[in-house]
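>
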Amino acid sequence: MSHSPRSWNNGPVLSQPVSLPAGPDTPAGILSRLRDGGTEGPRLFHERYGRSVNRLVAALLGPDSEHDDLVHDIFCALLTNVGKVRDAGRLDFWVRAVTVNQVRKVLRRRRFRRLFLAAEEAVAEPCVEGDDPSAHERLRRAWAIIRALPTDERIVFTLRFLEERTLDEVADGAGCSLATAKRRLERARRAVHAAAGRDVLLAGWLEGGLR
Amino acid sequence: MSEDLGRLPDELRAEVARRAGAVDERAQLERISRALERPKPAPRWRWAVAVSGAVAIAAAVAFFLVLRPASTTPSCSTSQGPLSVGGYVIAEQPDALRFSDGSLMELEAGTRARLAGALDGEVRVTLEEGVVTSAIQRGTGRWSIEAGPWRISVLGTRFRTTWHPPDLDVVVDEGLVEVVGKGTTLRVGGGQRFQSSPGDDAGPEAQAAQSLPDASLAPSPPVVRVTAPQRPLASPRPRWKDLATQERYREALEEVDRDGEQAVLANLEAWDGLQLSDAARFAGRPELAWRALNVVRQRHPGSAPAALAAFRLGRTRFQEGAFEEAVGWFDRFLAEAPSNELVEDARGKRMEALALASRLDDARRAAVDYLRLHPRGPHAARARALAATP
Numbered sequence: 019m020s021h022s023p024r025s026w027n028n029g030p031v032l033s034q035p036v037s038l039p040a041g042p043d044t045p046a047g048i049l050s051r052l053r054d055g056g057t058e059g060p061r062l063f064h065e066r067y068g069r070s071v072n073r074l075v076a077a078l079l080g081p082d083s084e085h086d087d088l089v090h091d092i093f094c095a096l097l098t099n100v101g102k103v104r105d106a107g108r109l110d111f112w113v114r115a116v117t118v119n120q121v122r123k124v125l126r127r128r129r130f131r132r133l134f135l136a137a138e139e140a141v142a143e144p145c146v147e148g149d150d151p152s153a154h155e156r157l158r159r160a161w162a163i164i165r166a167l168p169t170d171e172r173i174v175f176t177l178r179f180l181e182e183r184t185l186d187e188v189a190d191g192a193g194c195s196l197a198t199a200k201r202r203l204e205r206a207r208r209a210v211h212a213a214a215g216r217d218v219l220l221a222g223w224l225e226g227g228l229r
Numbered sequence: 502m503s504e505d506l507g508r509l510p511d512e513l514r515a516e517v518a519r520r521a522g523a524v525d526e527r528a529q530l531e532r533i534s535r536a537l538e539r540p541k542p543a544p545r546w547r548w549a550v551a552v553s554g555a556v557a558i559a560a561a562v563a564f565f566l567v568l569r570p571a572s573t574t575p576s577c578s579t580s581q582g583p584l585s586v587g588g589y590v591i592a593e594q595p596d597a598l599r600f601s602d603g604s605l606m607e608l609e610a611g612t613r614a615r616l617a618g619a620l621d622g623e624v625r626v627t628l629e630e631g632v633v634t635s636a637i638q639r640g641t642g643r644w645s646i647e648a649g650p651w652r653i654s655v656l657g658t659r660f661r662t663t664w665h666p667p668d669l670d671v672v673v674d675e676g677l678v679e680v681v682g683k684g685t686t687l688r689v690g691g692g693q694r695f696q697s698s699p700g701d702d703a704g705p706e707a708q709a710a711q712s713l714p715d716a717s718l719a720p721s722p723p724v725v726r727v728t729a730p731q732r733p734l735a736s737p738r739p740r741w742k743d744l745a746t747q748e749r750y751r752e753a754l755e756e757v758d759r760d761g762e763q764a765v766l767a768n769l770e771a772w773d774g775l776q777l778s779d780a781a782r783f784a785g786r787p788e789l790a791w792r793a794l795n796v797v798r799q800r801h802p803g804s805a806p807a808a809l810a811a812f813r814l815g816r817t818r819f820q821e822g823a824f825e826e827a828v829g830w831f832d833r834f835l836a837e838a839p840s841n842e843l844v845e846d847a848r849g850k851r852m853e854a855l856a857l858a859s860r861l862d863d864a865r866r867a868a869v870d871y872l873r874l875h876p877r878g879p880h881a882a883r884a885r886a887l888a889a890t891p
């Protein structure tokens with residue numbers, strides 16, 4: 019499976035730096051509106067990044083009852099600190115990096131709590147199309163496997179396989195070197211493959227069947 | 502690189518898209534906007550804020566350790582006794598939330614509400630559905646009623662809230678309330694009425710200064726009877742189910758024991774029955790797993806969960822060495838769910854059970870069938886061996 023680069027905000031991929039017109043919904047336009055104050059800037063910012071941040075958090079966390087609260091906190095952090103972004107061309111990257119970092123903090127905090135405080139995981143039920151019980155169960159088990167990965171491996175796995183990022187983007191998003199990203203990715207892939215292969219319900223997915 | 506993982510990433514991606522697509526982005530933006538509207542200290546005053554914070558903390562510590570007066574947050578009770586935070590009230594007949602400061606929230610019959618918070622002078626009541634008529638004492642802290650996407654903040658008043666999702670109706674008899682929701686904030690005063698329109702995405706309208714001869718408060722109800730769970734209900738679904746979903750099977754079973762096994766089994770939905778059987782099995786309670794599966798079979802015949810229960814019963818009997826009985830359960834499963842993805846496993850186990858039950862002719866026929874239908878299945882090697890048996 020090839021991983022073609024995909025823009026962070028579902029827009030076209032810019033292969034070369036170009037001079038973007040500062041329209042209201044471009045990064046430069048959004049930064050400008052945000053500097054002006056008022057409600058228009060946050061609205062445009064959310065319009066551009068709302069879907070992608072929700073999707074990234076949904077992928078990184080899996081089905082999770084705290085999804086909405088976390089996305090809320092991420093946007094508050096983004097909108098509070100967006101003034102630090104000087105280069106509008108880096109806004110997409112910055113949003114993704116902040117999102118990944120916020121989710122990483124949450125995952126690590128949860129892991130710590132589970133280890134020492136026996137805290138509850140905020141697991142929710144997966145969203146299934148139709149009412150196929152086995153599909154529900156498969157997804158539940160698949161997410162359990164992803165959740166069991168170490169946090170850093172979980173992040174690179176998600177960025178690569180669920181967000182379909184290039185290896186460079188995975189490394190950037192995870193905040194590590196390309197070599198480290200590859201190592202983590204391979205460990206995660208092997209772990210997921212092994213765990214899914216042991217599961218009678220998931221094994222079919224590995225072979226490309228069970229649609 | 503993802504070839505090794507087959508369709509697993511595709512399926513997870515699709516699930517992520519479904520979940521992300523279900524997010525109410527408009528409500529999300531409203532919530533973010535509200536949070537950002539709160540005043541923040543200017544950066545250059547951070548040092549002052551830090552010092553003030555330290556002083557405030559010290560003062561708070563002193564206050565709590567030395568000078569702490571009785572709590573300013575009123576306590577709450579119903580006809581059934583004290584109601585703690587998180588307490589859930591289902592008023593089968595009219596009842597009231599009576600607060601220690603004299604404030605009163607009368608619940609009409611059929612009303613479901615929760616005392617969502619009572620801390621630091623703030624009282625929050627969540628109205629799930631029904632009618633609440635409130636008479637709030639002035640100057641006793643902050644009060645609010647939350648109904649779906651709406652929040653009605655009380656500013657010292659007498660008013661009636663009717664919430665039948667998605668319709669909200671607030672009639673203010675005296676004083677002032679603030680209704681917040683769907684991007685709108687409206688103040689509704691005495692003699693005014695607020696009504697949300699179903700599906701009105703453009704926001705609600707306050708129908709001001711309406712004449713409301715019937716808006717006066719009803720007298721205190723002479724008869725009260727409430728079914729009030731004495732412990733908070735974190736969610737409408739049973740707690741054991743949450744714990745089982747989190748794979749905390751022993752705790753889930755402890756919860757089942759607390760709720761009463763018979764009561765849990767009596768209220769078991771089909772899918773919950775399968776989940777309970779899994780939890781019981783993993784928690785080392787096979788007898789409960791067995792009972793849960795049988796409940797699913799008896800109460801939901803012909804359903805998909807009932808078919809899956811047959812498979813699990815067959816697997817259980819197989820593991821216990823009751824091979825003839827296992828064959829029977831696998832037969833039922835195959836008849837009831839012929840296209841289920843577990844049929845391959847069921848055919849393999851059935852074949853094995855027949856062989857172990859010394860029904861070798863039947864086992865050979867099952868092996869031939871298996872090889873015809875699943876030539877590359879995980880039981881194929883065993884099937885070939887059985888099929889070749891003279």
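So the protein sequences, as listed, match chains A and B.
According to this note's numbering, the stretch in the first sequence is residues 19 to 229, in order.
According to this note's numbering, the stretch in the second sequence is residues 502 to 891, in order.
Where a beta carbon is used, it is the ideal one built from N, C-alpha and C, also for glycine.
1. Consider the Cβ of B/Leu734: report whether some Cβ of chain A lies at a distance smaller than 8 Å.
2. Indicate whether at least one CB of chain A lies closer than 8 Å to the CB of B/Gln747.
3. Determine, using beta carbons only, whether B/Val902 and B/Ala617 come nearer to each other than 8 Å.
4. So, does the CB of B/Glu647 fall closer than 8 Å to a CB anywhere in chain A?
5. In this structure, does DSSP put A/Val231 in helix, strand or coil?
6. Taking B/Ile533 as part of the alpha helix (DSSP H), name the residues at either end of that continuous run.
7. DSSP three-state call for A/Cys194: helix, strand or coil?
8. Using C-beta distances below 6 Å, list every residue in its chain close to A/Leu14, excluding the 5 sequence neighbours before and after it, in chain order.
9. For B/Ser635, is the classification buried or exposed, using 16 other Cβ atoms within 10 angstroms of its Cβ as the cut-off for buried?
10. With a threshold of 8 Å between beta-carbons, can A/Trp112 be considered close to chain B, or not?
11. Between B/Gly507 and A/Leu224, is the Cβ-Cβ spacing less than 8 Å?
12. Kindly indicate which three-state DSSP category B/Gly642 falls into: helix, strand or coil?
13. Find the residues of chain B that neighbour A/Ala199, judging by a C-beta separation of less than 7 Å, and give them in chain order.
14. Can you tell which of B/Met606, B/Asp602, B/Gly611 and B/Leu855 has its C-alpha closest to the C-alpha of B/Gly642?
15. Give a yes or no on whether 8 Å exceeds the smallest Cβ distance from B/Ile558 to chain A.
16. Give the interface partners of B/Val633 over in chain A, defined as CB-CB distance under 8 Å, in chain order.
17. Which residues share a DSSP beta bridge with B/Arg613?
18. Between the segment 505-523 of chain B and chain A, which residues of the former have a C-beta closer than 9 Å to a C-beta of the latter?
19. Assign A/Thr98 to buried or exposed, taking buried as 16 or more other Cβ atoms, counted over all protein chains shown, within 10 Å of its Cβ.
20. From A/Ala95 to A/Thr117, what does the alpha carbon distance come to, in whole angstroms?
21. Would you mind sorting A/Thr57 into buried or exposed? The rule is 16 or more other CB atoms within 10 Å of its CB.
22. Could you run through the segment 768-780 of chain B and flag, in chain order, every residue whose CB is less than 8 Å away from some CB of chain A?
23. Mapping the DSSP letters down to three states, classify A/Glu65 as helix, strand or coil.
24. Under 8 Å, Cβ to Cβ, is there at least one residue of chain B near A/Phe179?
25. To the nearest angstrom, how far is it from the Cα of B/Leu718 to the Cα of B/Phe660?
26. Please report whether the beta-carbon of A/Glu143 lies at a distance below 8 Å from any beta-carbon of chain B.
27. Using 8 Å as the cut-off, can you tell me whether the segment 154-164 of chain A makes contact with the segment 212-221 of chain A, which would need three or more C-beta pairs spanning the two stretches below that distance?
28. Would you call the segment 806-818 of chain B and the segment 831-844 of chain B in contact, with 3 or more CB pairs under 8 Å?
29. With distances taken from CA atoms, which of B/Glu623, B/Gly761, B/Val655 and B/Ser697 is nearest B/Glu679?
30. Does B/Ile533 come within less than 8 Å of chain A when only Cβ atoms are used?
31. Does A/Val188 get closer than 8 Å to chain B when you measure Cβ to Cβ?
32. Would you mind sorting B/Phe812 into buried or exposed? The rule is 16 or more other CB atoms within 10 Å of its CB.
33. At the 8 Å Cβ level, is B/Glu756 part of the contact set with chain A, yes or no?
34. Can you check the segment 146-228 of chain A for any alpha helix (DSSP H) of at least 4 residues that lies completely inside it and give the ranges in chain order?
35. Could you work out which residues of chain A lie near B/Ala536, taking near to mean beta carbons separated by less than 8 Å?
36. Nearest chain B C-beta to A/Leu224 closer than 8 Å, yes or no?
Per the coordinate set shown:
1. Here B/Leu734 scores only 34 on pLDDT, less than 50, and its place in the model is too uncertain to base an answer on.
2. Contact with chain A is found for B/Gln747, since one of that chain's Cβ atoms lies less than 8 Å from the residue's Cβ.
3. Here chain B covers residues 502 to 891 and nothing more, so residue 902 of chain B does not appear.
4. No - not a single Cβ of chain A is within 8 Å of the one on B/Glu647.
5. No answer is possible for residue 231 of chain A: it lies beyond the span of chain A, which begins at 19 and ends at 229.
6. Looking at the DSSP string, the run of the alpha helix (DSSP H) that includes B/Ile533 is Glu526 to Glu538.
7. Coil.
8. Lying before the first or after the last residue shown, residue 14 of chain A is absent from chain A, which here runs from 19 to 229.
9. Classification of B/Ser635: buried, given that the 10 Å Cβ count is 16 or more.
10. So, not an interface residue.
11. Between B/Gly507 and A/Leu224, the gap from beta carbon to beta carbon is short of 8 Å.
12. The answer is coil: DSSP assigns B/Gly642 none of H, G, I, E or B.
13. Those do not exist, as A/Ala199 stays about 12 Å from chain B at its closest Cβ, beyond 7 Å.
14. Per the C-alpha coordinates, the member of B/Met606, B/Asp602, B/Gly611 and B/Leu855 positioned closest to B/Gly642 is B/Asp602.
15. So, not an interface residue.
16. Chain A residues near B/Val633: none, gap ~26 Å exceeds 8 Å.
17. Beta bridge pairing from DSSP links B/Arg613 with B/Ile591 and B/Glu630.
18. For the segment 505-523 of chain B, the set of positions with a beta-carbon nearer than 9 Å to some beta-carbon of chain A reads Asp505, Leu506, Gly507, Arg508, Leu509, Pro510, Asp511, Glu512, Leu513, Arg514, Ala515, Glu516, Val517, Ala518, Arg519, Arg520, Ala521, Gly522 and Ala523 in chain order.
19. Classification for A/Thr98: exposed.
20. Cα-Cα distance, rounded: 9 Å.
21. Of the other Cβ atoms in all chains shown, fewer than 16 fall within 10 Å of the Cβ of A/Thr57; this residue is therefore exposed.
22. Flagged, chain order: Trp772 and Leu775.
23. A/Glu65: helix per DSSP, three-state reduction.
24. Interface residue, yes.
25. With a pLDDT of 31 at B/Leu718, under the threshold of 50, the modelled position of this residue cannot be trusted; read the value that follows with caution. Straight-line Cα distance between these residues: approximately 8 Å.
26. Closer than 8 Å: yes.
27. The segment 154-164 of chain A is in contact with the segment 212-221 of chain A.
28. In the pairwise beta carbon analysis, the segment 806-818 of chain B is classified as touching the segment 831-844 of chain B: at least three pairs are separated by under 8 Å.
29. Closest by alpha carbon: B/Val655.
30. Look at B/Ile533: its C-beta is under 8 Å from a C-beta on chain A.
31. No, A/Val188 lies away from the interface with chain B (no Cβ there is under 8 Å from its Cβ).
32. So B/Phe812 counts as buried.
33. When Cβ-Cβ separations below 8 Å define contact, B/Glu756 makes no contact with chain A.
34. With a minimum length of 4 residues, the unbroken runs of alpha helix (DSSP H) contained wholly in the segment 146-228 of chain A fall at 151-165, 169-175, 185-192, 196-216 and 221-224.
35. Simply His90 and Cys94.
36. So yes, A/Leu224 belongs to the interface.
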